[in-house]
Structures are given as structure tokens and as C-alpha cells.
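**Student:**
Protein chains: 2
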Amino acid sequence: MKVVVMGLGLIGGSIALDLKQTGKFSIYGLDASEAHLKKALDLGLIDQAADEQVLKNADVVILAIPVNAALTVLPGILDQVSDTTLVMDVGSTKTLVCQQLETHDKRRNFLATHPIAGTEFSGPSAAMKGLFRGKTNIVCEVEKTAFKLQERAMVIFEELGMRIRYMDPKAHDKHIAYVSHLSHISSFMLGKTVIQEEKNERDIFDMAGSGFESTVRLAKSSPDMWTPIFKHNRENVLATLEGYIENLRQFKTFLEQENYEAIYHEMEKTNRIKDILKGITINT
Amino acid sequence: MKVVVMGLGLIGGSIALDLKQTGKFSIYGLDASEAHLKKALDLGLIDQAADEQVLKNADVVILAIPVNAALTVLPGILDQVSDTTLVMDVGSTKTLVCQQLETHDKRRNFLATHPIAGTEFSGPSAAMKGLFRGKTNIVCEVEKTAFKLQERAMVIFEELGMRIRYMDPKAHDKHIAYVSHLSHISSFMLGKTVIQEEKNERDIFDMAGSGFESTVRLAKSSPDMWTPIFKHNRENVLATLEGYIENLRQFKTFLEQENYEAIYHEMEKTNRIKDILKGITINT
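Residue numbers (the numbering used here), protein chains in the order written: chain V, 1 to 284; chain Y, 285 to 568.
(1) Could you list the residues in the segment 241-253 of chain V with a C-beta less than 8 Å from some C-beta on chain Y, going in chain order?
(2) Where does V/S82 land, buried or exposed, given buried means 16+ other C-beta within 10 angstroms?
(3) DSSP three-state call for V/V142: helix, strand or coil?
(4) Report the option in V/F121, V/P228, V/T215, V/T227 whose CA atom is closest to the CA atom of Y/H468.
(5) Are the C-beta atoms of Y/K413 and some chain V residue less than 9 Å apart?
(6) What ranges does the beta strand (DSSP E) occupy inside the segment 111-159 of chain V, keeping only unbroken runs of at least 3 residues that lie completely in it?
(7) Measure from the alpha carbon of V/D206 to the alpha carbon of each residue in Y/F309, Y/P399, Y/K323, Y/K340, then state which is nearest.
(8) Between V/I282 and chain Y, is there a C-beta pair that is closer than 9 Å?
(9) Tell me the rounded alpha-carbon separation between Y/G296 and V/P66.
(10) List, in order along the chain, the chain V residues whose C-beta lies closer than 9 Å to that of Y/R417?
(11) What are the boundary residues of the alpha helix (DSSP H) that Y/K454 is part of?
(12) Taking DSSP as the reference, what is the three-state secondary structure of Y/L358?
(13) Would you say V/L218 lies against chain Y (beta-carbon separation less than 9 Å)?
(14) Could you pull out every unbroken alpha helix (DSSP H) segment of at least 4 residues lying fully inside the segment 463-518 of chain Y, listed in chain order?
(15) So Y/K286 is in the alpha helix (DSSP H); what residue range does that whole segment cover?
(16) Apart from the five residues on each side of it in sequence, which residues of its chain come closer than 7 Å, Cβ to Cβ, to Y/K419?
(17) Between which residues of its own chain and Y/D559 is the CB-CB distance below 7 Å, once the five residues before and five after are set aside?
(18) Can you find a CB in chain V that lies within less than 9 Å of the CB of Y/L444?
(19) What does V/M88 pair with, by DSSP beta-bridge criteria?
(20) Assess, as a yes-or-no matter, whether the segment 358-375 of chain Y is touched by the segment 468-477 of chain Y under the definition of 3 or more beta carbon pairs within less than 8 Å.
(21) Helix, strand or coil: which one does DSSP assign to Y/Q337?
(22) Would you identify the three-state DSSP class for V/G12, choosing helix, strand or coil?
(23) Flag Y/E425 as yes if its beta-carbon sits less than 9 Å from any beta-carbon of chain V, otherwise no.
(24) In this structure, how does DSSP classify V/G44 when only helix, strand and coil are distinguished?
(25) Should Y/V381 go down as buried or exposed, given a rule of 16 or more other Cβ atoms within 10 Å for buried?
(26) Take Y/F424 and list the residues in its own chain whose beta-carbon comes closer than 8 Å to its own, dropping the five residues that flank it on each side.
(27) Chain Y partners of V/N236, CB-CB under 7 Å?
(28) Which residue from Y/E404, Y/V287, Y/A319, Y/R392 puts its Cα closest to that of Y/M509?
(29) With DSSP collapsed to three states, give me the class of V/G243.
(30) I think V/G123 touches V/H36, with their Cβ atoms under 8 Å apart; what is that distance to the nearest whole Å?
(31) Looking at the structure shown, is Y/R533 part of a helix, part of a strand, or coil, going by DSSP?
(32) Taking C-beta to C-beta, are V/Y244 and Y/T477 nearer than 9 Å?
(33) Of all Cβ atoms in chain Y, is any one closer than 9 Å to the Cβ of V/I11?
(34) Taking the alpha carbon of Y/P512 as the point to measure from, which residue in V/V61, V/E258, V/A64 has its own alpha carbon closest?
(35) For V/F188, which residues in chain Y fall below 8 Å Cβ to Cβ?
(36) Can you grab the Cα-Cα spacing for the pair V/L45 / V/K2, in whole Å?
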């Protein structure tokens, strides 16, 4: 099976690597950056570098580029592929891309997916084997994709070791704002607050423990990837931020009022996140 | 050397375990909870369970209980120990404990320390070998401790594998508010916000990835330990919260205004947390 991976960063590169190593697929790589393309070849993520000419003979095209760029290029990709090609995106927002392609002639060649996996690193050298194993892949509007191509997608996801959840794109974007997008903002702003205060970086380094490292880990993430995500999912993200700021403000009020009973209660209630998180496969 | 560990939770239990395994110390354990004391014995964290009678013949007493309880019992412990006993606390706030003991007759028997290590778990079964290896131990007002007892403390810290940083208690409390206490609040409130929104826990579970797990990890922490810390360090914590909420509010304003250039810039600036964090030993 001829698989074209467009965008050889953390996600695209890791998909390419896992599929290549099964020996069942020929992996063709494309990337806007010549350096990334070369790096992906050197690292053995892909079988060969290609250009857009490869699209018309592809069995599967996987698009792993920032969500704004994906929106722009997807109609043209669908125009170029054959009637039997499966085109999938793997972006972190799903409403706009589904809307964008709703009336496209080749809508049935497209599958909207969001594999929930990653690290805070980016680029081909961040690609890793087994990144998706045991993780969830959210698939949206599956009924709009041709049945045979749904099947082909399942073969790919099975090779990657993912479990599938089907979801409406609007529900996806709303929920993911809470469990992913808000985490990134909370982490970025935590990093910012500490950097602002601690002019002497040496002090941060010496006193920061694993707790701090864990909460600011996501502040290492790529602005190129995340700015378009916040743009696409603006309304949902604003709602999460509203709730988050309000909760912080209330905690601050309790502390101002020296209402330690309320503070205790806030933490005790939230402790049940333990049970909720049990079973999430941690990828570090 | 006869070492008494009072409080056999994550920190006290881990100290006891590491010291016991060197074979150089006899470890006597005390805990307000009978069940914890028994558990610590069963797990082999201590050589034997003891009561307060043991204090008068101790070479070293390590107090590893919540900071409010430590404040209450420390004067009495110092009253009971001999002139040649070293008493150390390991609490996360240092100003109040140093003030509390400032005029105590046995001030020179006391050393204020804060080993920066831990996990989100608590109790004797959370104790782990090597928890402190390569981590920083902040020591406050070292000059107020008898020279010989400073030396004895260094022997202990060396066995645990810790590197020492000397700091003024007020500076400690201010800095630690940023790199530890704020992280805990941001994590608790993130957990709260998501739980509030997502009534159906199954949805959180299915969509949450490693990023979310990482940012809410600290929300599993013990309210018994953390409420007194926030109380002790109230003013510093309020200042960090003020700054954090303001930064979140500004990010929200940028998003409302669709000022994606500013959002990009915010993240790009904060990306340098990467370099700051390089070298922090992660304990997970």
C-alpha cells in the first residue's frame, strides 16, 4: 500500500515510522521544509522523499501539518487524488475542516481524525516509535467517508495500535478544549508568570522540582502548531478560560478571607481526578 | 547513629528507607496514625516503631509532618532532646518555623530544611528508594545551628544524595511560591474546571492525553499537607495568583480580540522555559 505522509513533524513522522516498520507499506514523505524532509530520510522515517506528483497514485494520504495550513491545502489535495484514495487529516480541531470539505466533490475520500498522542517536542527528530499505541483516535463524521476507505483507515489505525472513538466534530472541539487546549494555556501562562518574577534563572533551576516541571511541560510546545488551534477553536477555548479564571479567582478569594476550610474542600473534591485519570496511558 | 523519623509519609518514609538501607543508622519511627506506623514497619521503612520516649536518646530527629503540626510540636521536641541532638524539619515553608524557634533555648539544635522532592502520592506506601538523589535541599539560617550538628546533617544529606543550597527563609518562601505552590493551585483548579464541565467522566477519560495528565498530576496531592502550606505562605501565594490570573486574563483578551500575533508571541517568549528546565532531574 502506497502511503503519502505530508508533514514530517512529531505526529506525521511517528505515523510514518510505525507504518514503515511493519514492512506492509511504502512510505512517501513530503514536507514544506527541505531540511525536515532530509532529516526524515536520514532518520529512516520514510522510504522516500516525494513531491505532489505522488498524490495521484497514492492509496492513502495522511496530512499532519498545522490546522490552518491543512484547511488551505485539503481541497487541492482531494482534487489531485484518485477516486479510490483515502485522505486523512490528524489535526487537533475538527469542526472547521469538516465544514470546509462538506460540499467537496471528493468528500467521501476524506476522513477527519484526531489521534490523541504527542509530546511537547516538534519536528522530525521528535518522531518516536509506538507513540500511538494504546491511545485514542477520535474519528469525526465517519458516515461521510466511503465504506471501503473507512476500512482502509482502520487497517492503518490497527497497525498504530489505536482505539477508535466516533464523535461529532462540534462535541470533539468542545471537549478537547477542556482536556487539551486549556492545559496548554495554563501551562504557558504558568511558565510566563514564573519567568516574569524570577529574573535570575538560576534560582528557578535550583528550586524547581518535578511538580513544576510537570505543570510547565506543555509550555515547551510549538507556537506554530498552537496559535492556529486556538484560532480554530476560539469560542470553546474562551469558555474554558472563563471557567478556569473564575475558579482561580474564587480560590484566591478564599485565601484572602483565610477560609481554609473552603480551600481544603476545593482540593479534596478535585482529588477524585485520581480515579478519573486511572488508566490513561502516560506517554513520557 | 540513632535516627528518629517522626511522620512516615511520602517524605519521612523515603528518608527512613534510604538511611536504613545504608546500614549505618538505626531508624526509629513515630507516626500519629497507628496504621501508618504498622505499615512503615511492614514495608521495612524503619527498624522499629517507637514512642516519644525515644527522643531523649536520639542523635537525629527528622520531623516530616504537615507544616502546621510541625510548628505546634517542634518546641516540645526540642525541650525533650539532649544538648547534642540534631532536630530537622523538612517542611515546604520556612519563615514561620524559623520565627517560631528563634528564641528557643535549644535553637542551636535545630536545622530548617526543605528537600525539594516528592510525588503526588502520600502515606507510607508512597515512600520510595532514591527519592532525593540528585535533588536540591534548601537549608535556611544554617548559621543558627551548632557547627557539629550542621556536620551531622550534611552526613545525612550526603547519604540521601542531595545537593545543598543555603537560603534566607523569606527568600525561600517567596521563590517556592512560584515554582511549587502556584503549580499546585493551577493544577487543582484545572482539574476542578474540567470536572465541572464534563459531567460524563467517561468522556474525559477517553479524550485526555498525556498533556492533560501531566498538568493535573498535582491535583492528586493531599489537602492535609497543602492547606497548611497555603496558610503559612499566604501572602506570597496571593502574589503569585495575582500574577497568574492577570496573565491568563491577558491571554483571554488577546483571543477575544483575535490578536493571534500577540498569542504567538506569548508562547514563543515562554518557550525558553525549555532552557531553564534543562537539567532538572525529573522524578516520575
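Ideal Cβ positions, reconstructed from N, Cα and C, are used throughout, including at glycine.
**Tutor:** With the structure as the only source:
(1) L241, E242, G243, Y244, I245, N247, L248, R249, F251, K252
(2) The Cβ neighbour count for V/S82, taken over all protein chains shown within 10 Å, is under 16; the residue is labelled exposed.
(3) helix
(4) Answer by Cα proximity: V/T215.
(5) No, no contact with chain V.
(6) 136-140
(7) Y/P399
(8) Note that V/I282 scores a pLDDT of 40, beneath 50, so its modelled location is shaky and nothing firm can be said.
(9) 47 Å
(10) The contacting residues do not exist; Y/R417 stays about 12 Å from chain V at best.
(11) Judged by DSSP secondary structure, Y/K454 falls within the alpha helix (DSSP H) whose first and last residues are 453-460.
(12) helix
(13) yes
(14) 466-481, 485-491, 494-500, 507-516
(15) It is not in any alpha helix (DSSP H) - Y/K286 instead sits in the beta strand (DSSP E) that spans 286-290.
(16) P399, I400, A401, M446, T565
(17) none
(18) no
(19) V/I62, V/L111
(20) Contact fails: fewer than three Cβ-Cβ distances are below 8 Å.
(21) Y/Q337 carries a helical assignment under DSSP once its states are collapsed to helix, strand and coil.
(22) helix
(23) no
(24) coil
(25) buried
(26) First, the amino acid is wrong: residue 424 of chain Y is Cys here, not Phe. Result list for Y/C424: K378, C382, A396, T397, H398, Y450, M451, D452, P453, H456, in chain order.
(27) Near V/N236 there are no residues of chain Y at all, since even the closest Cβ is about 10 Å away, more than 7 Å.
(28) Y/E404
(29) helix
(30) 6 Å
(31) Residue state for Y/R533 is assigned as helix, using DSSP reduced to three classes.
(32) yes
(33) It does not: the Cβ of V/I11 has no partner Cβ on chain Y nearer than 9 Å.
(34) V/E258
(35) F535, E550, M551, T554
(36) 15 Å
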